[in-house]
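Data first, discussion second: the structure below is written as structure tokens.
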């Protein structure tokens with residue numbers, strides 16, 4: 001039995017799967033979206049690089 005199946009058997013585990021997994025997926029997608037926007041619009045890979053360029 002895989003650990004994922006064991007989570008599905010436990011009611012609390014299925015609640016964790018139903019709430020936490022989509023949240024982590026959305027969080028990761030948001031991170032990738034922000035990183036893509038930084039690279040597309042500013043040509044930088046972090047907010048620190050963008051703010052340093054604006055101050056100069």
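In my numbering, the protein residues as written are 1 to 56.
Every residue, glycine too, gets a C-beta built ideally from N, C-alpha and C.
Everything numeric in this text was worked out from a predicted model, so none of it was measured.
{"Asked": "Flag this pair as yes or no: are the beta carbons of residue 39 and residue 45 separated by less than 8 Å?", "Found": "yes"}
{"Asked": "Can you tell me whether DSSP reads residue 43 as helix, strand or coil?", "Found": "coil"}
{"Asked": "Looking at the secondary structure, which residues open and close the alpha helix (DSSP H) in which residue 17 lies?", "Found": "11-37"}
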